[in-house]
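What follows is a short report on a single structure.
There are 2 protein chains.
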Amino acid sequence: MAGRWKNPTELTPVAGNGLLDRRMLLSSGMMFAGAAAVSAAAPTGAAAEPLANDPWSLTPGAPIPPYSTPAHPEAAKIAHLVVQNNGIGTSQARTPHHLLDGIITPNGVHYVVARAGAPDIDPDKYRLVVHGMVRQPLEFSLNDLMRYPMESHVRFLECGGNSAPMWSKTPLQGTVQQLHGLLSCSEWGGIRVSTLLDEAGADPGASWVIAEGADGVTMQRSIPMTKIMDDAVIAFYQNGEPLMPWNGYPMRLFLPGYEGNMNVKWLRRLMVTDQPVMAINESRQYTELLDSGKAWRFYYPQEVKSVITRPSPMMTMPSPGYYQISGIAWSGHGRIEKVDVSADGGKSWARAALQAPVLPKALTRFRMPWNWTGQPAVVMSRATDEAGNVQPTRQQLIAQRGEPRNTPNINGFPMEHVNQISSWAIGANGAVTHVYV
Amino acid sequence: MAGRWKNPTELTPVAGNGLLDRRMLLSSGMMFAGAAAVSAAAPTGAAAEPLANDPWSLTPGAPIPPYSTPAHPEAAKIAHLVVQNNGIGTSQARTPHHLLDGIITPNGVHYVVARAGAPDIDPDKYRLVVHGMVRQPLEFSLNDLMRYPMESHVRFLECGGNSAPMWSKTPLQGTVQQLHGLLSCSEWGGIRVSTLLDEAGADPGASWVIAEGADGVTMQRSIPMTKIMDDAVIAFYQNGEPLMPWNGYPMRLFLPGYEGNMNVKWLRRLMVTDQPVMAINESRQYTELLDSGKAWRFYYPQEVKSVITRPSPMMTMPSPGYYQISGIAWSGHGRIEKVDVSADGGKSWARAALQAPVLPKALTRFRMPWNWTGQPAVVMSRATDEAGNVQPTRQQLIAQRGEPRNTPNINGFPMEHVNQISSWAIGANGAVTHVYV
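In order, the protein sequence lines correspond to chains A and B.
Just so you know, my numbering puts the end of the first sequence at 954, numbered straight through with nothing missing.
Just so you know, my numbering puts the end of the second sequence at 954, numbered straight through with nothing missing.
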């Protein structure tokens, strides 16, 4: 084991409790044998003598289906965590980030919040109407829109109520899927809303666009004209294929960086106007009542946030030694500038490696080499975006927003836009739990 | 219709038959009304009066499933084109690129070539063995490997036999899925093979690594050590989730830019050695017999290629006017440098816009604004990669490889590594067909 190879457990940490320099991830000649099972029974010959066959190698395998879905036994795990209301009332489905890696969320488990299920839309009969303060109202079929200039970008989408369980008075125990699963990231393809408004001839005095969905609750949201003309898109494609039914098929509004609810699904109308519509989702829901009796309204961009997905609560670390801490960071204000990681509950921090390409308003995967000594530790991540916003501690968020009320239910939404630092404790037995530090 | 708005049909073309400057895609104030249905019956009021409700807006919609799949009626179209052999013999499944946009291929329709279906592997019992010319043979469980340094990259994967139907003596009529569907692009996540070879202590005299799969045919391929140490990965994740069963669950070799067959699925062994294994897939298949009686062997990178996906064969363009020509380009030698498009059968060319980010060894989406006059036209795309390789014409490829034999069957593989320019003719009636120019 001697010679040019180095064991990461022998490297000098760059911060407390065994965090290693992120540049180690680029080095070669590392020995991870502490983590790997070494078998003297493995074959050693230079000829390709047969390995013993497992049963699955002895029979023809499963034929190719028209549309692939995960393997058993992954199928039971790579799944939405659904709070179902059978199509009536609000249903939610959360993305299993604790089981994923990279930045793309596969379409099978993109998060969903739906108030009346997914309408069964006939794409041939579907129409989008653009009207209101315009020179010429327009009506478009899906085939009409397919001829317009299209573009595609990898962007995150997050419910304004994501991470709400983190606002409980005491730390709720759940997976990252339960705690932060109303968040996903896809390549979204579509046409600029500004292209359609140019064509309709929007009145220069107009300052809002009311977007309306074709779902059973006729979802409406008011979008500032500045956002519409900046980067708003009517999306038809999600990771290359037409939108999933629960993500708005055949088309949805997409507002990069803005809270999910505004990205109106099953979009059927854009009304140009000079005032917001004050729909239920902007007057009652997605409005934050403060202790002062005043309320926050129309606060659209999702704040800078990050979370460590591995290790994370409900997991158990099998033994001390080398691990890669892996997580995701994002901000509605642009690119992630850096992510700092702590393994000692915030006493010391070190810079994580960011997986390239780092894209604006997209998930960014961060990675941090770590030698876990086997002693209790608390791992945390803190993201900073290119606008200089720093993810706040829980104490800083409380100072800003008031003391939390309690949360009786991990599926509740006690507060919108919660972006505090998440802290995961590792016990001497390797068990990972959610803690407040 | 007057004033500051311009109609793209009135712009001066930059090349024959109506190709427009790609910078038009960045401009505003365009009028596409020629392509859009304008309805005088659309609402004009400034108040949000109700639209007439379609039937799908009047009932609760579909509840959220554990794992989302495409909507009816898309489900029948967004599907593999499968040549099935019920798990025995070679089955293929092709990606429906003519229906997709962007660069990511959704996992449901990633292409597959499998010789014995997908083995039903128990991840808890699964082992990867590294042996041969090493200091210490190693055996890894999936849990062992999950602790290693991981990385993720968006990369294309293409069968060496992709585009083989283009080599027929007469142009075969089929969709882009039929003609070029053994190609996909995903975010692949995993660990560097070099990390495991460092740990095992590969002999400096070793020049090859034999990769072996756990499928029923025990697929073997010989990989040059230079590629292994450069950027070879053992992939566990595909667009964020564990690999699909037909794409190698729980792990596969991934060799960025190299022909698909070498990216051994259901990877169970890496044997370090000083000679290739000369397996059937490198001595008989994936070897090109030339007219001279000699054969091409071990020619690994996929050559620079592009194809227009919209419009494309079997489609019909509904009427003259504005369209966006959309397509994909890729090269096993690195980034796409540029894509030129012709609408007059190669007489004149103009530069297409490339969708950012342009990533190495990944699909690149190109887009070209076009005013179709309604006259017959032939659209073509020609990609150039950063190494300076230019996609050849059919005549250039014939000069290099010899006259093609005929192809009785669109699913056949008359030749490997076909990368000639594809030409799609648009008739005066709007019908799109495959032609040789």
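Here a beta-carbon is modelled for each residue, glycine too, at the ideal position from N, C-alpha and C.
>> Using DSSP's beta-bridge definition, name the partner residues of ARG827 (chain A).
In response: Against the first sequence, residue 827 (chain A) aligns to sequence position 310. Its beta-bridge partners are A:SER843.
> Nearest-angstrom Cα distance between GLY765 (chain B) and LEU616 (chain A)?
Replying inline: As a first step, residue 765 (chain B) must be located in the second sequence, where it is residue number 248. As a first step, residue 616 (chain A) must be located in the first sequence, where it is residue number 99. So the alpha carbons of these two residues sit roughly 17 Å apart.
> So GLU903 (chain A) packs on ARG852 (chain A), CB below 8 Å; how close in whole Å?
Replying inline: Residue numbering aside, residue 903 (chain A) sits at position 386 when the first sequence is read from its first letter. Residue numbering aside, residue 852 (chain A) sits at position 335 when the first sequence is read from its first letter. Indeed, because the Cβ distance is near 4 Å, the residues count as touching under 8 Å.
> Applying a beta-carbon distance threshold of less than 8 Å, which residues of chain A neighbour GLY625 (chain B)?
Replying inline: In the second sequence, counting from the first residue as 1, residue 625 (chain B) sits at position 108. The contacting residues are TYR584, SER585, THR586, ASN624, GLY625 and GLU758.
> Helix or strand or just coil, what does DSSP make of THR950 (chain B)?
Replying inline: Taking the first residue of the second sequence as position 1, residue 950 (chain B) is located at position 433. Strand.
> Which residues, taken in chain order from the segment 664–685 of chain A, show a beta carbon closer than 7 Å to some beta carbon of chain B?
Replying inline: ARG664, TYR665, PRO666, MET667, GLU668 and SER669
>> Just to confirm the assignment, what range does the alpha helix (DSSP H) spanning SER658 (chain A) have?
In response: Position 141 of the first sequence, counted from the start, is the residue given in the question as residue 658 (chain A). That residue, SER658 (chain A), is in no alpha helix (DSSP H); its beta strand (DSSP E) goes 655–658.
> Does the distance from the CB of TYR839 (chain B) to the CB of PHE549 (chain B) come in under 8 Å?
Replying inline: Counting from one through the second sequence, the residue named residue 839 (chain B) turns up at place 322. Counting from one through the second sequence, the residue named residue 549 (chain B) turns up at place 32. A contact, by the Cβ cut-off of 8 Å.
> Between ALA752 (chain A) and chain B, is there a C-beta pair that is closer than 8 Å?
Replying inline: On the first sequence, position 235 is the one that residue 752 (chain A) refers to. No, ALA752 (chain A) does not count as interfacial toward chain B.
>> Just to confirm before moving on: does the CB-CB distance between ILE514 (chain A) and VAL750 (chain A) stay below 8 Å?
In response: Nothing about residue 514 (chain A) can be read from this structure; chain A reaches only from 518 to 954.
> Are the CB atoms of THR612 (chain A) and SER701 (chain A) nearer to each other than 8 Å?
Replying inline: If you number the first sequence from 1, residue 612 (chain A) lands on position 95. If you number the first sequence from 1, residue 701 (chain A) lands on position 184. Yes, the pair counts as a contact, with Cβ atoms nearer than the cut-off.
> Do you know how far the Cα of THR790 (chain B) is from the Cα of PRO654 (chain B)?
Replying inline: By one-based count along the second sequence, residue 654 (chain B) stands at place 137. By one-based count along the second sequence, residue 790 (chain B) stands at place 273. Between PRO654 (chain B) and THR790 (chain B), the C-alpha separation is close to 13 Å.
> Does the segment 832–850 of chain A come within contact of the segment 872–882 of chain A, defined as at least 3 CB pairs closer than 8 Å?
Replying inline: yes
> Just how far apart, CA to CA, sit GLY551 (chain B) and SER940 (chain B)?
Replying inline: Position 34 of the second sequence holds residue 551 (chain B). Position 423 of the second sequence holds residue 940 (chain B). Any reading at GLY551 (chain B) needs caution, since the residue's pLDDT is 43, under 50, leaving its predicted position unreliable; the model's value is listed next. Cα to Cα, GLY551 (chain B) sits roughly 26 Å from SER940 (chain B).
>> Given this structure, state the Cα-to-Cα distance separating ARG899 (chain B) from ASN906 (chain B), to the nearest angstrom.
In response: If you number the second sequence from 1, residue 899 (chain B) lands on position 382. If you number the second sequence from 1, residue 906 (chain B) lands on position 389. Roughly 11 Å between the two C-alpha positions.
> What number of angstroms, rounded off, separates the C-alpha of ASN946 (chain A) from the C-alpha of GLN690 (chain A)?
Replying inline: The residue you call residue 946 (chain A) lines up with position 429 of the first sequence. The residue you call residue 690 (chain A) lines up with position 173 of the first sequence. The alpha-carbon atoms of ASN946 (chain A) and GLN690 (chain A) are separated by roughly 17 Å.
> Using a Cβ-Cβ cut-off of 6 Å (strictly less than) and excluding sequence neighbours within five positions of THR607 (chain B), which residues of its own chain qualify?
Replying inline: Position 90 of the second sequence, counted from the start, is the residue given in the question as residue 607 (chain B). Cβ neighbours of THR607 (chain B) beyond the five flanking positions: ARG632.
> Which partner residues of ASP538 (chain B) appear in the DSSP bridge assignment?
Replying inline: In the second sequence, the residue the question calls residue 538 (chain B) occupies position 21. ASP538 (chain B) pairs with nothing; no bridge assigned.
> TRP763 (chain B) by DSSP, collapsed to three states: which one?
Replying inline: For the purposes of this step, residue 763 (chain B) is taken as residue 246 along the second sequence, with counting starting at 1. Looking at TRP763 (chain B) - three-state DSSP - the assignment turns out to be helix.
> For a contact meaning CB atoms closer than 8 Å, what does ILE840 (chain A) contact in chain B?
Replying inline: Working through the first sequence from its first residue, we reach residue 840 (chain A) at position 323. Checking the sequence shown, residue 840 (chain A) turns out to be Tyr, not Ile. What TYR840 (chain A) touches in chain B: ARG664.
> Which first and last residues belong to the beta strand (DSSP E) in which MET885 (chain A) is found?
Replying inline: Sequence index remark: in the first sequence, residue 885 (chain A) carries index 368 (1-based). From DSSP, the beta strand (DSSP E) with MET885 (chain A) extends over 881–889.
> Does the separation of the CB atoms of GLU758 (chain B) and PRO583 (chain A) fall below 8 Å?
Replying inline: Along the second sequence, read from residue 1 onward, the residue named residue 758 (chain B) stands at position 241. Along the first sequence, read from residue 1 onward, the residue named residue 583 (chain A) stands at position 66. Against a cut-off of 8 Å, the Cβ pair of PRO583 (chain A) and GLU758 (chain B) comes out as no contact.
>> Suppose you measure from the CA of ALA728 (chain B) to the CA of THR826 (chain B); what does that come to, to the nearest Å?
In response: Here the question's residue 728 (chain B) lines up with position 211 in the second sequence. Here the question's residue 826 (chain B) lines up with position 309 in the second sequence. In a straight line, the C-alpha of ALA728 (chain B) is about 34 Å away from that of THR826 (chain B).
>> Taking 8 Å as the cut-off, does the segment 885–898 of chain B touch the segment 520–540 of chain B (at least 3 CB pairs, one atom from each stretch)?
In response: yes
> Where do the ends of the beta strand (DSSP E) carrying GLN601 (chain B) lie?
Replying inline: On the second sequence, position 84 is the one that residue 601 (chain B) refers to. From DSSP, GLN601 (chain B) is part of no beta strand (DSSP E); its letter is neither H nor E.
>> Give me, in chain order, the residues of the same chain whose beta-carbon lies closer than 7 Å to that of ILE638 (chain A); leave out the 5 immediate sequence neighbours on both sides.
In response: Reading the first sequence from its first residue, position 121 is the one you call residue 638 (chain A). Result list for ILE638 (chain A): ALA731, TYR766, PRO767 and TRP783, in chain order.
> Quick one: does GLU854 (chain A) have its CB under 8 Å from some CB of chain B?
Replying inline: Within the first sequence, residue 854 (chain A) is the residue found at index 337, counting from 1. Answer no: the Cβ-Cβ gap between GLU854 (chain A) and chain B never drops below 8 Å.
>> Please list, in chain order, the chain A residues whose beta carbon lies closer than 8 Å to that of ASN660 (chain B).
In response: Working through the second sequence from its first residue, we reach residue 660 (chain B) at position 143. By Cβ distance, chain A contributes PRO835.
>> Counting only beta-carbon separations shorter than 8 Å, does TRP763 (chain B) have a partner in chain A?
In response: In the second sequence, counting from the first residue as 1, residue 763 (chain B) sits at position 246. It does: the Cβ of TRP763 (chain B) has a partner Cβ on chain A nearer than 8 Å.
> Taking one C-beta from the segment 621–632 of chain B and one from the segment 710–720 of chain B each time, how about it: are there three or more such pairs within less than 8 Å?
Replying inline: no
> By Cβ distance below 7 Å, which residues in the same chain neighbour ARG738 (chain B) in space, the five residues on each side in sequence not counted?
Replying inline: Counting from one through the second sequence, the residue named residue 738 (chain B) turns up at place 221. Once the five neighbours on either side are set aside, the close Cβ partners of ARG738 (chain B) are ALA728, ASN778, MET779, VAL781, ALA796, ASN798 and GLU799.
>> Classify ALA559 (chain B): buried if its beta carbon has 16 or more other beta carbons within 10 angstroms, exposed otherwise.
In response: Here residue 559 (chain B) refers to the residue found at position 42 when the second sequence is read from its first residue. Low local confidence applies: a pLDDT of 43 at ALA559 (chain B) is under 50, so the model's placement there is unreliable, and no value is given.
>> In whole angstroms, give me the CA-to-CA distance for LYS642 (chain A) and GLN872 (chain B).
In response: Taking the first sequence and counting its residues from 1, one reaches residue 642 (chain A) at position 125. Taking the second sequence and counting its residues from 1, one reaches residue 872 (chain B) at position 355. Between LYS642 (chain A) and GLN872 (chain B), the C-alpha separation is close to 31 Å.
> Which value, in whole angstroms, describes the spacing of the CA atoms of VAL935 (chain B) and SER545 (chain B)?
Replying inline: Here the question's residue 935 (chain B) lines up with position 418 in the second sequence. Here the question's residue 545 (chain B) lines up with position 28 in the second sequence. Taking the straight line joining both Cα atoms gives about 40 Å.
>> Under 8 Å, Cβ to Cβ, is there at least one residue of chain B near VAL907 (chain A)?
In response: What you label residue 907 (chain A) is simply residue 390 of the first sequence in a count that begins at 1. No, no contact with chain B.
> Does DSSP classify ILE943 (chain B) as helix, strand or coil?
Replying inline: Taking the second sequence and counting its residues from 1, one reaches residue 943 (chain B) at position 426. Here ILE943 (chain B) sits in strand by DSSP.
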